[in-house]
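Numbering-wise (the working numbering), the sequence shown opens with residue 29 and increments by one. Note that the Cβ used here is the ideal one computed from N, Cα and C, for glycine as well. Only one structure is covered here, and it is reproduced in the block below.
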Amino acid sequence: MLIMPSTLGPRPLDEMLVCSLVPTLGSLGRTWKHEAPEPHRGHRPHGVPVYVCPETPALVVLLANTPVDLQQAAAQTADAAPYKDAETGIVFKTWSAGSGGASAAGGPFTFGLALPEDALTKDADEYIGLLRCHIANNAVPGYCGLSHGESGQMTQALLLMAWPFNGTVYTSFRYATGYNMPVPYTGNATLTQISSTFKAGQFELIYRCKGCFSWSQGGTTGSVSTKSGNLVLGRAAAKTNLHNPACPDKAFFGFHDNGYGQWGANLEGTAQKDYAKWAAMSIPTAATECTK
Ligand code: HEM
């Protein structure tokens, strides 16, 4: 969706604003604050300046420099129809990033979200998620992961990573203060696996994430609001190079060379009346091997 906020005055055509998450033109009346790109905070994909609505910091507007940038930003993670998992019956709203575009090079990535029934009127701190990710290397896995906020940034946000190894999907919560390998998260998030499956070069994890919409590490806190009706999430995927895979908190890995980016997730259609029933499902936690 392209918008020209009147409060910013006329701009050259090649400086159109992409608003990936303001779903209605009602937002045009707000005042927009320019937030200079701050590499250490990671609030911009690919050096694209970011505008933040002061009333609702979760609303982020990307200022694209060229029409090509606009197309890439808009195409990164597309909104799809609801998806019902056949095995569990869980209904997700899903977003997928395919191949193509500077930040989506490589295989597919799908994230699905189901929220508690009242999450659009009362902030939830948990969700049921679906991650469906590419497997590029069976012997030395890569990973895929999610940033929970506030603008889908890598730094100062709760990160979740998942990777396949020997028929098991392992996960690790991580946290980064800079653009280097995120360390284990020490806050209160917990993950329960609801199902994990493998098919045709992909793995899929359905999980319950508790304590995942607010976080705290090293004196820094962050949170996102489900009742705002929008989240900005981030994704990242790597083809290989994840080592010590059976010991999630001691696993080490490299840059996400299989696509990364941020996208606006409109939460309409994510609150589910059967949430509590689905959230009670679980499969046994994968055994870890932490000898090294
Ligand atoms: C050794 C591991 C990692 C390294 C060296 C790394 C490095 C980087 C760098 C340099 C960027 C900026 C790229 C640019 O501006 O074009 C970036 C962006 C990003 N990374 Fe990572 N990353 C790592 C792991 C992760 C993980 C595990 C996640 C998520 C679970 C993640 C999520 C993101 C996201 C969402 C972005 C785009 C938003 C932003 O710029 O903050 N990264 N990463």
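The C-beta distance from His176 to Phe241 rounds to 6 angstroms, short enough to fall under 8 angstroms.
For the region 218–304, the continuous beta strand (DSSP E) assignments of 3+ residues that do not extend past its boundaries occur at 218–227, 230–238, 242–245, 248–251, 258–266, 288–294, in sequence order. Residue burial annotation: Met209 is exposed, with fewer than 16 other C-beta atoms found within 10 angstroms of its C-beta. Secondary structure of Ala125 (DSSP, three-state): strand.
Between the region 194–204 and the region 113–122, the count of Cβ pairs shorter than 8 angstroms is below three; the stretches do not touch.
By the neighbour-count criterion, in which a residue is buried when 16 or more other Cβ atoms sit within 10 angstroms of its Cβ, Gly180 is buried.
Just measuring C-alpha positions, the residue of Trp306, Thr214, Val211, His162 sitting nearest Val197 is His162.
For Gly173, the distance from the CB to the nearest heavy atom of the ligand HEM is below 7 angstroms. Three or more beta-carbon pairs separated by less than 8 angstroms are not found between the region 217–236 and the region 256–276, which leaves the two stretches without contact. Take the alpha-carbon of Thr254 and the one of Glu317: they are about 36 angstroms apart.
Pairing Asn165 with Val260, the inter-Cα distance amounts to about 29 angstroms. Excluding sequence positions up to five before and after Lys150, its CB lies within less than 7 angstroms of the CB of Lys255, all in the same chain and listed in chain order. If you check the CB distance, Met189 and Gly170 do not come in under 8 angstroms.
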